[in-house]
Amino acid sequence: MTTSNVIAFQGLPGAYSDLSCRTVFPEMTTLPCATFEDAFAAVREGRAALAMIPVENSIAGRVADNHHLLPEGGLHIIGEHFQRVNHQLLAPKGATLAGLKTVRSHIQALSQCRNMTRELGLTAISHADTAGAAAEIAKLGDPQHAAIASSLAADIYGLDILKGGIEDAEHNTTRFLILSREPKTPPLPAEGTGAKIITTFVFRVRSVPAALYKALGGFATNGINMTKLESYMVGGHFTQTQFYADVEGHPEERSLRLALEELAFFARAGEVKILGVYPANPFRYQESQRIGED
């Protein structure tokens with residue numbers, strides 16, 4: 001195995017991040033990492049060629065740790081992936097739904113499967129992660145105890161799927177970013193192809209009235225669609241805020257170039273940093289059409 005064929009993720013084997021890596025890069029070997037910082041480090045240090053990290057979920061919202069790590073992690077975003085989260089109820093061989101007493105999983109997975117838990121009358125027990133819960137259930141080998149995890153976890157830990165697709169919301173989807181040591185900026189899309197590019201960047205504005213309004217004005221006047229804008233505290237100071245943004249467009253396009261120039265004028269000096277320029281995943285627009293957006 002060479003490091004050029006390795007992709008890092010946070011979690012244990014069988015985690016949804018592991019499943020996402022295998023879905024997008026079936027030819028690569030996945031590298032489990034204890035923390036998000038370890039996954040970043042694996043790529044920086046050459047132990048993996050890529051990393052895939054979750055940044056937001058359609059139910060749980062953003063993964064806050066990674067918005068802090070991305071600007072300082074030394075890696076570049078080269079792609080995105082949207083993974084449908086299909087929770088499975090897993091138990092040891094021979095277990096039955098009627099015989100179950102408890103179910104273990106990450107707190108978010110438990111909250112996303114409340115209807116099933118209530119229907120079966122199970123006691124929910126929080127665990128650090130979904131794959132870890134599956135591994136623990138396999139080790140216990142007790143047919144009264146189950147876990148909520150992925151189908152991949154069932155395969156890895158030799159568990160039966162007693163009930164599939166148990167999540168309450170059909171739209172349960174996690175967005176992942178694909179990271180590399182070097183940027184992989186795509187060329188400008190040819191006219192008429194319909195291909196879209198996403199540019200992700202962070203910035204800070206001066207602490208003056210209407211600074212954010214002025215900084216973002218260039219995106220409106222230049223017709224740039226901003227698909228995400230989030231703020232979070234930096235440095236432990238309530239008066240220092242960093243903004244994370246996704247926009248549609250390529251920095252070499254005149255409209256986005258002008259918008260970024262205007263942003264730089266109103267932002268704090270040197271505080272605009274592009275984290276990645278990459279192709280938009282088609283899921284973005286399929287989802288918009290599904291819910292009837294323009």
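In the UniProt record's numbering, the protein residues as written are 1 to 294.
For every residue, glycine included, the Cβ atom is placed at its ideal position computed from N, Cα and C.
As the structure is a computational prediction, the values presented were derived from the model and not from experiment.
Alpha carbons only, please: which of the options is nearest the one belonging to residue i?
i	options	result
A220	L188, V202, L263	L263
E253	E191, V234, E136	E191
P71	G270, L258, R284	G270
L212	T241, A134, A133, A135	T241
V205	F9, N66, Y232	Y232
N222	L188, V208, E261, A210	E261
E119	H67, I166, L256	I166
F243	F203, A210, A267, L216	F203
T3	I198, T29, K273, A98	T29
E248	F265, V234, K228, A267	K228
P98	S20, I274, A34, Q144	One point to set straight first is that residue 98 is Ala, not Pro, in the sequence displayed. The residue with the shortest Cα to Cα distance from A98 is Q144.
H127	A138, G121, A109, K139	A109
L100	K163, I59, H67, A41	K163
L69	F201, M226, A259	F201
F176	V43, C113, N66, R44	N66
K258	A245, R84, V277, L216	Correcting the residue identity first, residue 258 is Leu in this sequence and not Lys. For L258, the nearest C-alpha among the options comes from L216.
The beta strand (DSSP E) spanning residue i covers which residue range?
i	result
L31	29 to 33
E253	No beta strand (DSSP E) contains E253, which DSSP labels as neither H nor E.
I197	197 to 203
T102	102 to 106
Please report the straight-line C-alpha distance between residue i and residue j, rounded to a whole angstrom.
i	j	result
G141	G158	10 Å
H250	K184	13 Å
V55	H81	10 Å
I53	G79	11 Å
N281	V6	22 Å
G194	P26	27 Å
I161	S151	8 Å
R284	T174	12 Å
A64	E230	10 Å
D168	K93	25 Å
residue 298	A153	There is simply no residue 298 to check, as the chain begins at 1 and stops at 294 in what is shown.
D129	A147	10 Å
P186	A39	24 Å
I156	F36	22 Å
P279	T117	39 Å
H76	A51	10 Å
F265	K196	26 Å
residue 364	S105	In the structure as shown, the chain begins at 1 and stops at 294. Residue 364 is therefore absent and cannot be evaluated.
If you reduce the DSSP assignment to three classes, tell me which class residue i lands in.
i	result
K273	strand
S231	strand
F243	strand
Q10	strand
A264	helix
A91	strand
T96	coil
T123	strand
Assuming residue i is part of the alpha helix (DSSP H), what are its boundary residues?
i	result
S4	Careful: S4 lies outside any alpha helix (DSSP H) and carries neither H nor E.
G223	Element bounds for G223: n/a, residue is neither H nor E.
R114	114 to 120
L19	16 to 24
Contained alpha helix (DSSP H) runs [length at least 4] in the segment 37 to 89, N- to C-terminal order = Annotation: the segment 37 to 89 contains the following complete segments of the alpha helix (DSSP H) (minimum length 4 residues), in chain order: 64 to 72.
task = Taking only runs that begin and end inside the segment 127 to 186, name each unbroken alpha helix (DSSP H) of 4 or more residues, in chain order.
result = 130 to 140, 151 to 157
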